[in-house]
Each structure stands twice: as C-alpha cells, then as structure tokens.
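See below for the structure under consideration.
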Amino acid sequence: MQEKPTTFSIKHWADDDKPREKLLQKGRLVLSDAELIAILIGSGSRNESAVELSKRILASVGNNLNELGKLSTKQLTKFKGIGEAKAVTIAAALEIGRRRRGEQGPKISKIGSSRDAFELLHPTMGELEHEEFWILYLNNANKVLHMAQLSKGGITGTLVDVRLVMKQALELGAVALILAHNHPSGNLRASKADQEITQKLQLAAAALDLKVLDHLIIVQKDYLSFADEKLL
26 MQEKPTTFSI
36 KHWADDDKPR
46 EKLLQKGRLV
56 LSDAELIAIL
66 IGSGSRNESA
76 VELSKRILAS
86 VGNNLNELGK
96 LSTKQLTKFK
106 GIGEAKAVTI
116 AAALEIGRRR
126 RGEQGPKISK
136 IGSSRDAFEL
146 LHPTMGELEH
156 EEFWILYLNN
166 ANKVLHMAQL
176 SKGGITGTLV
186 DVRLVMKQAL
196 ELGAVALILA
206 HNHPSGNLRA
216 SKADQEITQK
226 LQLAAAALDL
236 KVLDHLIIVQ
246 KDYLSFADEK
256 LL
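Numbers in the numbering used here are just positions in the sequence shown, counted from 1, shifted up by 25.
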C-alpha cells in the first residue's frame with residue numbers, strides 16, 4: 026500500500042519551531058524573514074518544512090525582500106510546495122508592505138531638490154519590473170499640482186506622448202515639469218533615447234513658456250538627476 030503524502034504543517038511542529046506561537050509570545054520583531062513567510066504559506070511539502078521552503082525561496086533572491094517582491098506568482102509556483110494560492114498570498118503580503126512604505130514616506134508637496142523629487146516618486150517606481158514614465162507638474166512656487174503616469178511599457182522602453190504632457194500642463198496651470206522614468210535593470214546611465222525625449226519635451230515646453238526642471242532616472246535604491254549632472 027502506497028504511503029499517503031504528508032506535509033509539514035505548522036500545527037505539527039514543536040512549540041519552539043512554530044512561528045505563529047513565537048509571534049504571539051515574543052512579538053513580530055523577533056521572527057526572521059523566513060519565519061514570517063512560513064506563517065503566510067502555512068505548510069511546506071513532504072520533505073521540507075514551511076520555514077525551510079521559505080529559506081530556499083529567500084536564498085534564490087539573495088535574501089532580499091525587495092527582490093522577492095519582484096517575483097511573479099508564476100515564478101513563485103516554480104518552487105516545489107508553492108501552489109497558486111500560496112504564491113498569491115506571498116505576492117499580496119509583499120505588495121501591502123510596499124504600499125505601507127509609500128504611505129509612511131515623507132509627504133513632499135514642494136520640490137526643492139532632485140532628492141525631494143526622488144523621495145516622492147521612489148515608492149511608486151523604485152521596484153517596478155517594467156518601465157514607466159511619470160511627470161510632476163509644478164506651480165511657480167515648485168509645489169506639486171499633480172503627479173501622473175504618462176506611459177507604461179516593457180523593460181525595453183516606453184513611449185511618451187508629448188502633446189498629452191503639454192495639454193495636461195496647461196489644464197493644471199503648471200509652469201514647470203519634472204520628468205521621471207525607471208530603469209528596472211538598475212542601470213543609472215542616461216541612454217541616447219532618454220536624452221532625446223528630454224530634449225523633445227524641453228522644446229515643446231519652451232514653446233508654451235514652461236520649464237523642464239529635471240529628469241530623473243530611478244532604480245531600486247538610487248537615482249540620476251539630469252539637472253545635477255548638467256544634462257539638461
């Protein structure tokens with residue numbers, strides 16, 4: 026008779042190994058990343074506990090939660106013991122964490138430097154797997170009137186509708202713009218295409234007495250400012 030498959034469910038572990046009980050008794054701060062993920066998935070496989078499975082998943086991304094957050098549900102289900110439901114749970118939990126970081130970030134309404142623009146845009150753009158182009162519309166006091174996604178594309182690039190940018194600027198009564206897009210590759214170099222679209226928007230803005238104050242290239246933990254690098 027074939028042995029019935031079993032899983033290492035958390036409820037069958039020794040008390041000291043149960044992350045749920047550990048959280049209740051000692052608080053969430055004492056749990057490792059793997060233990061927190063183990064709580065989400067609940068069980069591992071026949072040959073691997075939930076914590077061991079979680080450690081293996083984390084090891085695949087260099088034990089970096091930001092990198093884990095970039096994995097799609099399809100990529101997560103490639104790990105033995107992770108089905109669609111568990112993958113969705115992990116993805117949802119990490120997305121909640123990302124949004125929470127955004128809400129806790131500095132509430133910047135006036136741009137005084139490239140760092141201010143980066144801090145405002147990074148929670149939205151810093152961890153994306155695809156490229157997006159955003160615009161900050163500012164008044165004459167450099168206060169942010171509106172922040173808008175202009176385009177969304179693959180990691181090879183994104184198309185920018187210059188007419189749409191100028192139309193929205195006029196409707197908002199903006200006098201200045203800050204451009205921004207992300208490089209999912211982590212490369213902080215401004216490509217020829219990046220410089221060309223900047224110049225194109227600068228020329229269009231100048232014809233309407235608007236200024237392009239900066240163009241940021243944003244990656245996970247850093248940015249490049251065209252203004253700071255004298256590329257404008």
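For every residue, glycine included, the Cβ atom is placed at its ideal position computed from N, Cα and C.
Nothing here was measured: the structure is a model prediction, and the numbers come from that model.
Query - Endpoints, alpha helix (DSSP H) assigned at S85 - result: As a first step, residue 85 is located in the sequence shown; it is residue number 60 there, counting from the start. Here the alpha helix (DSSP H) through S85 covers A75 to S85.
Query raised in the report: With a CB to CB cut of under 8 Å and the five nearest residues on each side skipped, what residues in its chain are close to V187?
Result: Counting from one through the sequence shown, the residue named residue 187 turns up at place 162. Result list for V187: K225, L226 and A229, in chain order.
Query raised in the report: Whole alpha helix (DSSP H) runs in the stretch 155 to 240 with 4 or more residues, listed along the chain?
Result: 187 to 197 and 217 to 231
Report task. Hey, could you find the ends of the alpha helix (DSSP H) L267 is sitting in? Result -> Outside the modelled stretch of the chain, which goes from 26 to 257, sits residue 267, for which no answer is possible.
Query raised in the report: Any idea what DSSP makes of S139, helix, strand or coil?
Result: By 1-based counting over the sequence shown, the position of residue 139 is 114. In the structure shown, S139 sits in a helix (DSSP, three-state: H, G or I).
**Report entry** L249 (DSSP reduced to helix, strand or coil)
**Finding:** Residue mapping note: residue 249 aligns to position 224 of the sequence shown, counting from 1. It is a strand residue.
Requested in this report: Could you give the DSSP three-state label for I107: helix, strand or coil?
Outcome: In the sequence shown, residue 107 corresponds to position 82, counting from 1. Looking at I107 - three-state DSSP - the assignment turns out to be coil, as it is neither helix nor strand.
**Report entry** First through last residue of the alpha helix (DSSP H) which encompasses T98
**Finding:** Here the question's residue 98 lines up with position 73 in the sequence shown. T98 -> alpha helix (DSSP H) spans T98 to L101.
Report task. Check each candidate in G67, L235 and S68 and name the one with the smallest Cα separation from K192. Result -> Taking the sequence shown and counting its residues from 1, one reaches residue 192 at position 167. Closest by alpha carbon: L235.
Query - Per-residue burial, I180 [other beta carbons within 10 Å of its own, 16 or more giving buried] - result: In the sequence shown, residue 180 corresponds to position 155, counting from 1. Residue placement at I180 is flagged as unreliable, the pLDDT there being 42, under the threshold of 50; the coordinate-derived value follows with that caveat. By the neighbour-count rule (16 or more Cβ atoms within 10 Å), I180 is not buried but exposed.
Report task. Please say whether G108 and V70 have beta carbons closer to each other than 7 Å? Result -> The residue labelled residue 70 in the question sits at position 45 within the sequence shown. The residue labelled residue 108 in the question sits at position 83 within the sequence shown. According to the sequence displayed, residue 70 carries Ser and not Val. No, the Cβ-Cβ distance between S70 and G108 is not below 7 Å.
Query raised in the report: From this set, L96, K80 and L170, which residue's C-alpha is nearest A112's C-alpha?
Result: Locating residue 112 in the sequence shown gives position 87, counting from the first residue. Considering only alpha carbons, the answer is L96.
Report task. For the alpha helix (DSSP H) holding K95, just list the boundary residues, first then last. Result -> As a first step, residue 95 must be located in the sequence shown, where it is residue number 70. Taken as a continuous stretch (DSSP letters only), K95 belongs to no alpha helix (DSSP H), as it is neither H nor E.
Query raised in the report: What does a CB cutoff of less than 7 Å around H147 pick up in its chain, not counting 5 residues either side in sequence?
Result: The residue you call residue 147 lines up with position 122 of the sequence shown. Once the five neighbours on either side are set aside, the close Cβ partners of H147 are I243.
Query raised in the report: Ordered along the chain, which non-local residues of its own chain (more than five positions away) have a Cβ less than 8 Å from that of V169?
Result: Taking the sequence shown and counting its residues from 1, the one referred to as residue 169 is at position 144. Excluding residues within five positions, the ones whose Cβ falls inside 8 Å are I133, S134, K135, I136, L145, L161, Y162 and L163.
Query - L153 - containing alpha helix (DSSP H), residue span - result: For the purposes of this step, residue 153 is taken as residue 128 along the sequence shown, with counting starting at 1. Unbroken run through L153: none, as it is neither H nor E.
Query raised in the report: Of all Cβ atoms in chain E, is any one closer than 7 Å to the Cβ of N207?
Result: The chain inventory of the structure shown lacks chain E, comprising one protein chain alone.
Report task. Return the CA-CA distance between D247 and R214, expressed in angstroms with no decimal places. Result -> Position 222 of the sequence shown holds residue 247. Position 189 of the sequence shown holds residue 214. Straight-line Cα distance between these residues: approximately 12 Å.
Query - Opening and closing residue of the alpha helix (DSSP H) in which K43 lies - result: Taking the sequence shown and counting its residues from 1, the one referred to as residue 43 is at position 18. Where K43 is concerned, there is no enclosing alpha helix (DSSP H), given that its DSSP letter is neither H nor E.
Query raised in the report: Using the rule of at least 16 other Cβ atoms within 10 Å of the residue's Cβ for burial, across every protein chain shown, is A201 buried or exposed?
Result: Taking the first residue of the sequence shown as position 1, residue 201 is located at position 176. A201 should be labelled buried.
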